[in-house]
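Novice: Take this structure, written in structure tokens, and hold onto it; I'll ask about it next.
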Amino acid sequence: MIKITFPDKSIREYENETTASTIAASISPSLRKKCVAAKLNGEIYDLARPILADASLELITNDNPDAMPVLNHSCAHLMAQAIKRLYPDAKFGVGPAIEEGFYYDFDTEEKVTDEDLVHIEKMMTKIASEALDMTRKEVTREEAQALFQDDEYKLALIDAIEEGQLITIYAQGEFADLCAGGHVTNTKEIKFFKLLTVAGAYWRGDSKNKMLTRIYGYAAFSKAELEAYLDILKARKERDHKKLGKELEIFYMNPLSGQGFPILLPNGATIRKQITKYVTEIEEDYGFQHVFTPVIGSSELYKTSGHWDHYRDDMFIPMNMDGEELVLRPMSCPHHMMIYASKMRSYRDLPVRLAEEVIQHRYEASGALTGLERVRAMTLTDAHLFVRPDQIKTEFAHCLKMIHQAIEDFGIEVDYYSLSLRDPDDKEKYFDDDAMWNTAETMLAEVLEANDVDFVRMPGEAAFYGPKLDIQIKTALGHELTLSTIQLDFLLPERFDLTYIDENGEKVRPVVIHRGFISTYERLLAYLIELYKGAFPMWLAPTQVTIIPVNNNFHSDYANEIVSLLKKHRIRFNLDNREEKLGYKIRESQTKKVPMLIVLGDKEVEDQTITVRRYGQEETQTLNLATFVSTILEEIANKSR
Ligand code: TSB
Ligand code: ZN
73 MIKITFPDKS IREYENETTA STIAASISPS LRKKCVAAKL NGEIYDLARP
123 ILADASLELI TNDNPDAMPV LNHSCAHLMA QAIKRLYPDA KFGVGPAIEE
173 GFYYDFDTEE KVTDEDLVHI EKMMTKIASE ALDMTRKEVT REEAQALFQD
223 DEYKLALIDA IEEGQLITIY AQGEFADLCA GGHVTNTKEI KFFKLLTVAG
273 AYWRGDSKNK MLTRIYGYAA FSKAELEAYL DILKARKERD HKKLGKELEI
323 FYMNPLSGQG FPILLPNGAT IRKQITKYVT EIEEDYGFQH VFTPVIGSSE
373 LYKTSGHWDH YRDDMFIPMN MDGEELVLRP MSCPHHMMIY ASKMRSYRDL
423 PVRLAEEVIQ HRYEASGALT GLERVRAMTL TDAHLFVRPD QIKTEFAHCL
473 KMIHQAIEDF GIEVDYYSLS LRDPDDKEKY FDDDAMWNTA ETMLAEVLEA
523 NDVDFVRMPG EAAFYGPKLD IQIKTALGHE LTLSTIQLDF LLPERFDLTY
573 IDENGEKVRP VVIHRGFIST YERLLAYLIE LYKGAFPMWL APTQVTIIPV
623 NNNFHSDYAN EIVSLLKKHR IRFNLDNREE KLGYKIRESQ TKKVPMLIVL
673 GDKEVEDQTI TVRRYGQEET QTLNLATFVS TILEEIANKS R
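Going by the working numbering, the first residue of the sequence shown is number 73, and it counts up by one from there.
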């Protein structure tokens with residue numbers, strides 16, 4: 073007999089080799105029906121797997137969050153089996169449950185596309201109805217190798233399993249997979265699922281390896297849950313900046329301009345200009361000086377900075393002109409170092425805060441390029457601060473404060489704050505000076521703590537020159553990205569031999585702080601389009617007011633009066649006097665998500681008033697001309713959302 077302890081601390085005795093399934097059924101048949109898996113001593117354990125010793129046991133029912141990965145992982149196996157039946161040459165990489173659903177990576181001769189998903193789904197439904205038991209088996213390394221002898225990916229995965237570690241396989245019908253579990257007991261338990269997309273994924277995530285096919289899917293315990301999830305996906309897609317950016321004519325992509333080189337259209341340019349104005353003003357308020365530096369630099373400059381050794385994979389290849397080797401810069405730091413070094417500096421001159429809208433180019437992997445959020449040509453709201461060691465903390469806090477101001481003004485929703493540290497074992501990416509790294513990392517953590525910032529330590533995420541604070545956001549489609557960044561750097565001042573003269577007339581090294589204010593315009597725009605669902609607040613909206621005269625003949629004088637008033641105040645408007653139906657014009661203004669719509673009819677002309685309808689609202693508001701204008705100006709000034 074063995075003793076089983078339940079979560080409520082009660083203990084019961086069972087036959088040795090009993091299963092969680094038997095235990096659940098002995099408590100009540102309806103409980104057994106709801107059970108998906110169990111947790112034995114805190115680890116997921118299959119319902120049908122014999123329990124061999126005293127243990128604590130938690131039954132995982134289908135309303136428990138721990139049940140979802142078990143179901144989804146099982147569904148990944150079901151999908152792999154269906155793929156194998158349809159494409160007998162298929163070889164399989166990994167197929168885990170993920171935060172939402174699951175995926176499986178595989179390799180087939182025949183290309184699998186979105187159109188094939190329905191066939192795979194059909195086969196999955198068939199296999200589910202065959203009610204195959206999903207059985208676990210412990211095997212030796214040799215047995216596993218024999219079983220997967222035709223699948224080089226599985227063989228590589230077996231190789232990666234450490235000596236002495238248990239190897240298990242899960243079989244269902246004719247199909248077996250290398251897997252640690254846990255799983256549902258039978259394929260018939262997988263009833264509600266949907267295959268979502270086909271994507272490419274490099275084997276082991278390395279672009280030097282073969283690109284495998286990845287299918288994403290989602291399984292749920294009920295039809296309602298599945299449908300609710302699909303609705304969420306639909307809403308996210310509606311918010312996707314690639315879709316909205318096209319509909320709202322914000323940016324344009326065409327392979328003709330090259331991969332990763334999107335083009336800003338007039339609406340996008342208008343939004344960007346408002347942000348530039350904002351950035352310039354706030355930087356002036358915070359004591360930054362603006363500079364302009366070139367997009368191309370000699371490769372010597374990047375050899376001096378260390379970019380050549382540590383960042384070359386991310387740079388476009390050099391051009392040779394007039395015996396000079398030139399590169400498109402990936403960052404502006406070297407130029408700003410040159411500006412600092414261009415004259416003598418005294419301790420009284422510091423901090424020197426140099427800001428610039430930096431145009432830069434990075435050779436991002438083609439598979440990673442996404443709309444405006446990850447591009448190859450970008451403009452960064454950048455700055456480099458040259459500070460004395462005693463100023464590091466205050467200047468870091470200074471940058472943090474202005475970033476927090478921007479987060480508030482735009483309504484940015486921070487996902488988390490990452491304290492990005494070096495990976496001490498990666499001597500290739502990070503320069504080798506432990507003392508320097510330790511000082512920089514400790515200092516950064518101290519500033520964050522002193523400023524009450526909750527942060528997560530992320531080893532391996534530092535820049536090659538130093539640790540950083542990265543402010544992370546999530547996109548509509550769930551990508552995690554860095555928006556703002558503040559980085560500490562003891563290396564570049566060394567590389568460029570930067571100095572200032574201290575109180576005693578001695579030469580001393582300054583420290584550099586790199587500050588990416590609100591990211592690149594590209595990434596910020598991508599984020600804001602999704603944040604506002606395309607309905608930009610008044611201060612950023614490309615068109616702030618649409619004016620529609622009910623009758624172009626009778627109401628145009630009044631319309632023109634309003635137009636000249638708006639022009640005087642630089643309010644961005646669209647006078648829609650096309651010969652179209654009123655309803656059509658109103659609908660169009662709504663699809664363009666213009667914040668204010670005014671319709672001018674007899675009544676407005678007679679009373680010299682304006683009837684305003686705000687985007688997203690049903691009711692209208694009647695205002696006099698002066699109030700109308702002052703309302704808009706106030707919203708612009710307050711950055712109201
Ligand atoms: C802050 N030298 C520093 C600078 O002084 C620097 O370049 N840091 S960075 O490499 O982290 O990049 C700054 C910011 O640019 C990132 O935080 C991110 O918001 C944005 N960015 C980086 N790569 C891309 C890209 N491919 N597409 C769009 N934005 C990007
Ligand atoms: Zn920099």
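Heads up, the beta-carbon is just placed ideally off N, CA and C, and yes, glycines get one too.
1. Look at A455 and R587 and say whether their C-beta atoms are less than 7 Å apart.
2. Taking 8 Å as the limit between beta carbons, can you name the residues of its chain near Y489, skipping five residues before and five after?
3. Could you tell me the alpha carbon to alpha carbon distance between E215 and K156, rounded to whole angstroms?
4. Which ranges would you report for the alpha helix (DSSP H) in the stretch 329-377 if only whole runs of at least 4 residues count?
5. Do P141 and A169 count as a contact pair if the criterion is CB distance below 7 Å?
6. Can you tell me whether D80 is helix, strand or coil according to DSSP?
7. Using the C-alpha atoms, what's the distance from R446 back to I389?
8. What three-state label does DSSP hand T699 in the structure shown?
9. In whole angstroms, what is the alpha-carbon distance linking N625 and Y358?
10. Just list the beta strand (DSSP E) runs in the stretch 448-486, keeping only unbroken ones of 3 residues or longer that don't cross its boundaries, in chain order.
11. Starting from the Cα of M409, find the closest Cα among K209, D674, D561 and give me that residue.
12. Taking 6 Å as the cut-off, does the CB of H191 come closer than this to any heavy atom belonging to ligand 2?
13. Just grab the DSSP bridge partners of F323 for me.
14. Run through DSSP, which three-state label would S414 get?
15. How long is the line joining the alpha carbons of N576 and L491, rounded to whole angstroms?
16. Should V211 be counted as a contact of ligand 1 given a C-beta to heavy atom distance under 6 Å?
17. What's the call for P402, buried or exposed, on a 16-neighbour Cβ count within 10 Å?
18. What does the Cβ neighbour count give for P621, buried or exposed, with the cut at 16 atoms within 10 Å?
19. Please check the pair F333 and R208, which I expect to be a contact at CB under 8 Å, by giving their CB distance rounded to whole angstroms.
20. Classify I368: buried if its beta carbon has 16 or more other beta carbons within 10 angstroms, exposed otherwise.
21. What's the gap between the Cα of F468 and the Cα of I484?
22. Out of Y383, E297, T212, which one is the CA nearest neighbour of E235?
23. If you follow the beta strand (DSSP E) that L112 is in, where does it begin and where does it stop?
24. Any idea what DSSP makes of H551, helix, strand or coil?
25. Would you decide whether D629 is buried or exposed? Buried here means 16 or more other CB atoms lie within 10 Å of its CB.
26. What's the gap between the Cα of A413 and the Cα of R420?
27. Near K640, what residues of its chain come up, given a Cβ to Cβ distance below 7 Å and the 5 sequence neighbours on each side ignored?
28. Can you tell me whether G588 sits near ligand 1, meaning its C-beta is under 6 Å from at least one heavy atom of the ligand?
29. Out of V671, C405, L553, point me to the one whose CA is closest to K653's CA.
30. If I follow the unbroken alpha helix (DSSP H) through E428, where does it start and stop?
Specialist: In short, the structure shows the following:
1. For the purposes of this step, residue 455 is taken as residue 383 along the sequence shown, with counting starting at 1. For the purposes of this step, residue 587 is taken as residue 515 along the sequence shown, with counting starting at 1. Cβ atoms of A455 and R587: closer than 7 Å.
2. Residue mapping note: residue 489 aligns to position 417 of the sequence shown, counting from 1. For Y489, where only same-chain residues beyond five positions count, the Cβ hits under 8 Å are L520, V525, D526, F527, V528, L541, D542, I543, Q544.
3. Position 143 of the sequence shown, counting from 1, holds the residue named residue 215. Position 84 of the sequence shown, counting from 1, holds the residue named residue 156. Distance between the alpha carbons of E215 and K156 is about 21 Å.
4. 338-357, 371-377
5. Start at 1 with the first residue of the sequence shown, and residue 169 comes out as number 97. Start at 1 with the first residue of the sequence shown, and residue 141 comes out as number 69. Taking 7 Å as the Cβ cut-off, A169 and P141 qualify as a contacting pair.
6. Numbered from its first residue, the sequence shown carries residue 80 at position 8. Residue state, collapsed to three classes: coil.
7. In the sequence shown, the residue the question calls residue 389 occupies position 317. In the sequence shown, the residue the question calls residue 446 occupies position 374. Rounded to whole angstroms, I389 to R446 spans 19 Å at the Cα level.
8. For this step, residue 699 is matched to residue 627 along the sequence shown. DSSP places T699 in helix when its eight states are reduced to three.
9. Numbered from its first residue, the sequence shown carries residue 625 at position 553. Numbered from its first residue, the sequence shown carries residue 358 at position 286. N625 and Y358: Cα-Cα distance of roughly 52 Å.
10. 449-459
11. Walking along the sequence shown from the start, residue 409 turns up at place 337. M409 has its Cα closest to that of D561, out of K209, D674, D561.
12. What you label residue 191 is simply residue 119 of the sequence shown in a count that begins at 1. Not so, every heavy atom of ligand 2 lies at least 6 Å from the Cβ.
13. Mapped onto the sequence shown, residue 323 falls at position 251. F323 is bridged to L336.
14. Numbered from its first residue, the sequence shown carries residue 414 at position 342. The answer is coil: DSSP assigns S414 none of H, G, I, E or B.
15. Here residue 576 refers to the residue found at position 504 when the sequence shown is read from its first residue. Here residue 491 refers to the residue found at position 419 when the sequence shown is read from its first residue. Each residue's Cα considered, the two are about 36 Å apart.
16. Locating residue 211 in the sequence shown gives position 139, where the first residue counts as 1. Every heavy atom of ligand 1 is 6 Å or more from the Cβ of V211, so no.
17. Along the sequence shown, one-based indexing puts residue 402 at 330. With 16 or more Cβ atoms within 10 Å of its Cβ, P402 is classed as buried.
18. Start at 1 with the first residue of the sequence shown, and residue 621 comes out as number 549. Under this definition P621 is a buried residue.
19. Taking the first residue of the sequence shown as 1, we reach residue 333 at position 261. Taking the first residue of the sequence shown as 1, we reach residue 208 at position 136. That belief does not hold up - the Cβ atoms of F333 and R208 are roughly 51 Å apart, past 8 Å.
20. Stepping through the sequence shown from its first residue, residue 368 is reached at position 296. Label assigned to I368: exposed.
21. Here residue 468 corresponds to residue number 396 of the sequence shown, with the count starting at 1. Here residue 484 corresponds to residue number 412 of the sequence shown, with the count starting at 1. So the alpha carbons of these two residues sit roughly 20 Å apart.
22. To locate residue 235, count along the sequence shown from 1; it is residue 163. The shortest C-alpha separation from E235 is found at T212.
23. Locating residue 112 in the sequence shown gives position 40, where the first residue counts as 1. Note, L112: beta strand (DSSP E), 107-112.
24. Within the sequence shown, the letter at position 479 stands for residue 551. Three-state DSSP puts H551 in coil, outside helix and strand.
25. The count along the sequence shown starts at 1 and reaches residue 629 at position 557. Counting Cβ neighbours within 10 Å, D629 comes out exposed, since fewer than 16 surround it.
26. On the sequence shown, residue 413 is found 341 positions in, with the first residue counted as 1. On the sequence shown, residue 420 is found 348 positions in, with the first residue counted as 1. Rounded to the nearest angstrom, the two C-alpha atoms are 16 Å apart.
27. Reading the sequence shown from its first residue, position 568 is the one you call residue 640. There are no such residues.
28. Working through the sequence shown from its first residue, we reach residue 588 at position 516. Under cutoff, so the answer is yes.
29. The sequence position of residue 653 within the sequence shown is 581, counting from 1. Of the candidates V671, C405, L553, the one whose C-alpha sits nearest the C-alpha of K653 is V671.
30. Within the sequence shown, the letter at position 356 stands for residue 428. Taken as a continuous stretch (DSSP letters only), E428 belongs to no alpha helix (DSSP H), being part of the beta strand (DSSP E) at 424-433.
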